[in-house]
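First up is the structure itself, then whatever we jot down about it.
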Amino acid sequence: MSPAGSRSYRDMVENKHYPLPLASHEDVVKDPSMFWDTLRRFHFIMGTKFMIPVIGGKELDLHVLYVEATRRGGYEKVRLCIHSVGGL
Numbered sequence: 001m002s003p004a005g006s007r008s009y010r011d012m013v014e015n016k017h018y019p020l021p022l023a024s025h026e027d028v029v030k031d032p033s034m035f036w037d038t039l040r041r042f043h044f045i046m047g048t049k050f051m052i053p054v055i056g057g058k059e060l061d062l063h064v065l066y067v068e069a070t071r072r073g074g075y076e077k078v079r080l081c082i083h084s085v086g087g088l
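UniProt numbering puts the first residue of the sequence shown at 1, with every later residue one more than the last.
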């Protein structure tokens, strides 16, 4: 068995057991309070620390980020763009 440090990010994600969706995409896009509640519950269920990133002294609005990212193609499109410029 290889050490955890040598496992790829993909291996770690693929072996993680995520809960069933707590709300629909449409509902969390439409209702910011549902988005925040769902995000907090997700972190609680996963046993991870919930933190809102601060950029330039201001909290990042994760709801706006989620709505805009998914509207523009979501995670997969962002990952492909980053990969094409030599990231990830």
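No residue lacks a Cβ here, since even glycine has one placed at the ideal position from N, Cα and C.
What whole-angstrom Cβ distance do Leu-80 and Leu-62 have, given they're in contact under 8 Å?
Against the sequence shown, residue 80 aligns to sequence position 80. Against the sequence shown, residue 62 aligns to sequence position 62. Beta-carbon to beta-carbon, Leu-80 and Leu-62 are separated by about 22 Å, too far to satisfy the 8 Å threshold.
Three-way DSSP call (helix, strand, coil) for Ile-52 in this model
One-based indexing of the sequence shown puts residue 52 at position 52. In this structure, Ile-52 counts as coil in the three-state DSSP scheme.
In or out: Val-64 buried (at least 16 other Cβ within 10 Å) or exposed?
Working through the sequence shown from its first residue, we reach residue 64 at position 64. Label assigned to Val-64: exposed.
When the Cα atoms are used, what is the spatial distance from Arg-41 to Ile-55?
Within the sequence shown, numbered from 1, the residue matching residue 41 stands at position 41. Within the sequence shown, numbered from 1, the residue matching residue 55 stands at position 55. Cα to Cα, Arg-41 sits roughly 24 Å from Ile-55.
Give me the Cα-Cα distance between Pro-3 and His-17, rounded to the nearest whole angstrom.
If you number the sequence shown from 1, residue 3 lands on position 3. If you number the sequence shown from 1, residue 17 lands on position 17. Because the pLDDT of Pro-3 is 47, which lies under 50, any placement of that residue in the model is unreliable, and the question is left without a value.
Under 8 Å Cβ to Cβ from Leu-60, same chain only, skipping five residues before and after it: list those, please.
Reading the sequence shown from its first residue, position 60 is the one you call residue 60. So the list reads Ile-52, Pro-53 and Val-54, once near-sequence residues are dropped.
Among the residues of its own chain, which have a CB less than 6 Å from the CB of Phe-44, if the five just before and after it don't count?
Counted from its first residue, the sequence shown places residue 44 at position 44. So no residue of the chain qualifies.
For Phe-35, count the other beta carbons within 10 Å of its own beta carbon; 16 or more makes it buried, fewer makes it exposed. Which is it?
Here residue 35 refers to the residue found at position 35 when the sequence shown is read from its first residue. So Phe-35 counts as buried.
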